[in-house]
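Under the numbering used here, think of the first position of the sequence shown as 268, with each following residue one higher.
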Amino acid sequence: MSSIYEIKLVTKSKEYPVYVGRGIINYLPKLLDSFKNSGKCAVITNKIVSELYGKFIEDLLSVKYDVRLIVVPNGEECKDLRVVERVYEELITSGFDRYSTIVALGGGSVGDLSGFVAATYMRGINYVQVPTTLLAQVDAAIGGKAAINISKGKNIVGVFYHPHFVLVDVNFLRTHELRDFKSGLAEVVKYGVVLSREFYEFVKVNWRKLLDVGSDELLYAVRKSCEFKASVVSLDEFDREGIRALLNYGHTVGHALEAYSNYELRHGEAVAIGMCYEAKISVAMGYTKESTATEVCSTLEDLGLPTKVWGGVNVDEVLSLMRRDKKAFSGKIAMVLLRDIGNGILVRDVPEEIIKEVITNW
């Protein structure tokens, strides 16, 4: 079997490993044996991933487990209360108890749904994350956040519920659509921009190799991103100290633009645009130099990511969406800004007139 790299994520409520490597999906049955379970295993996945890997995972696990494959809609459509109820009903019908296990096989949306179901079914059952998209591998699958959507907004109803482990097999990215793959790279860049100048320089120098899913450079970037995420979560498990909030760089503007586009923008595309706008806002507020913003935007462009909204937006509507951001406090917009590359800061009251000016004029 291929070599496997283990990252320990330690929080006050739970300690668990994040495994990273190539071809390591074959370790899954053995890893599931590492905790108490009843032998029943539900693999929750979407239609796209099921067609690619559903039978393979079923065959892999069925040697030792009673496997139930539960296929849900693609994308954000699976994060719906009606889908949650359907999954509950399938688990009940299949005789799943408190010692049964859920395997989240897919991207961030499948991970969100699976974590939410695992946290709430019988007040909590075993689950593990097996992310198949770059964005989920380097960010969404790690840290215990799980949420679903309601009519009033995205990720409004959620929980903190950690998996027993996360298994990151970079070989899954070989079947990743290029647009979605590039979208995930935005989150990789983010770690360097807000946390580590050294890692940012690695991304900047090796950006061409990062576009090759078979490269050692991509494997390294995924592993380092997982290490950054695990380290931050360990320091601020429940996102209350302002440390974990640093990982929301680009997300205040990005989430608003994602919603404004009616989700035609991929999450990472919206975050890339958000990173550029928030870098420009950092300049406008005197936190950093113009050259910092220029450098960040240039690196994102090298990776084929968008850095501005073409065709204009209704800025007042975008601002309204920002006020609903979970970091907002008393109606004031909070945002992660830059002092320099590798040095982000959470600012809890960013003037709306500055945001409006930057989005309108750049």
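The C-beta atom is built at its ideal place from N, Cα and C for all residues, glycine as well.
Remember, it's a predicted structure, so these values are computed and weren't measured experimentally.
Supposed contact pair residue j and residue i - C-beta distance, whole angstroms, cut 8 Å
i, j, result
"R591", "G420", "6 Å"
"Y527", "L434", "The pair is not a contact, with the Cβ atoms about 35 Å apart (cut-off 8 Å)."
"G382", "N313", "Actually they do not touch by this definition, with Cβ atoms about 15 Å apart."
"V405", "K496", "7 Å"
"E504", "T278", "4 Å"
"L402", "H522", "L402 to H522, Cβ: 14 Å. No contact."
"Y283", "F432", "5 Å"
"L486", "D479", "The pair is not a contact, with the Cβ atoms about 11 Å apart (cut-off 8 Å)."
"I311", "A371", "6 Å"
Beta-bridge partners of residue i, as assigned by DSSP
i, result
"E282", "V277"
"D503", "D503 is not bridged to any residue."
"A385", "None, per the DSSP bridge assignment."
"K599", "F596"
"Y394", "I369"
"A413", "V426"
"Y272", "V287"
"L613", "V603"
"I359", "Paired residues: none, contrary to the question."
"L434", "Y286"
"R335", "A309"
"G420", "I417"
Same chain, Cβ closer than 7 Å to residue i, neighbours up to 5 away in sequence not counted
i, result
"R365", "M389, I392"
"R490", "Y272, V287"
"D506", "A512"
"G410", "K496, V500"
"G598", "R590"
"D447", "T400, R533"
"S450", "L402, R533, H534, G535, E536"
"S270", "G288"
"V245", "This structure cannot settle anything about residue 245, because the visible part of the chain is limited to 268 through 629."
"E619", "L586, I600"
"N422", "A414, N416"
"E557", "V550"
"I315", "N341"
"K412", "G425, F427"
Sequence-distant residues of its chain with Cβ nearer than 6 Å to residue i (five each side left out)
i, result
"V248", "There is no way to answer for residue 248, as the model of the chain reaches only from 268 to 629."
"G553", "none"
"E624", "none"
"A385", "I369, I392, Y394"
"E357", "I337"
"S549", "T555, L604, L605"
"A537", "G521, L524, E525"
"W474", "D569, L570"
"N416", "K346"
"L319", "T442"
"L502", "I510"
"F302", "H431"
"K281", "H429"
"N304", "Y366, T368, N393"
"I274", "V285, C493, E494, A497"
"K471", "T566"
"D300", "none"
"K476", "S482, E484"
"S317", "V338"
8 Å Cβ shell around residue i - same chain, five flanking residues per side excluded
i, result
"A601", "A512, T519, D592, K594, A595, L613, V614, R615, D616, V617"
"V330", "P296"
"N628", "none"
"A252", "This structure cannot settle anything about residue 252, because the visible part of the chain is limited to 268 through 629."
"V461", "L513, L514, Y516, V603, L605, G609, N610, G611"
"M268", "Caution is warranted here: a pLDDT of 49 is assigned to M268, below 50, making its placement in the model unreliable, and the coordinate value is therefore given only provisionally. Only G290, I291, N293, Y294 meet the Cβ criterion."
"T559", "A546, S549, V550, L605, D607, I608"
heavy atom of the ligand MG below 7 Å from residue i C-beta
i, result
"N313", "Looking at this structure, you won't find the ligand MG or any other ligand, since it has none at all."
*May I ask you to verify whether the stretch 564-573 touches the stretch 540-555, counting CB pairs closer than 8 Å and requiring at least 3?*
yes
*Continuous beta strand (DSSP E) assignments of at least 3 residues falling wholly in the stretch 289-318*: 307-313
_Check whether the stretch 546-566 and the stretch 591-610 touch, using three or more Cβ-Cβ pairs below 8 Å as the test._
yes
*Would you check if the stretch 424-444 and the stretch 457-469 touch, i.e. whether three or more CB-CB distances between them fall below 8 Å?*
Fewer than three Cβ pairs drawn from the stretch 457-469 and the stretch 424-444 lie within less than 8 Å of each other, which leaves the two stretches out of contact.
_Given 8 Å, three or more beta-carbon pairs between the stretch 372-388 and the stretch 398-418_ = yes
*Any contact of the stretch 347-367 with the stretch 434-448, i.e. 3+ C-beta pairs under 8 Å?*
no
_alpha helix (DSSP H) segments (min. 4 residues) lying fully within the stretch 480-532_ = Fully enclosed alpha helix (DSSP H) runs of 4 or longer: 483-502, 518-527.
*Within the stretch 545-595, ranges of the alpha helix (DSSP H) (whole runs, at least 4 residues)*: 557-569, 582-590
_Any contact between the stretch 317-324 and the stretch 334-348? By contact I mean 3 or more CB pairs, one from each, below 8 Å._
Contact holds between the stretch 317-324 and the stretch 334-348, because three or more Cβ pairs, one in each stretch, are under 8 Å apart.
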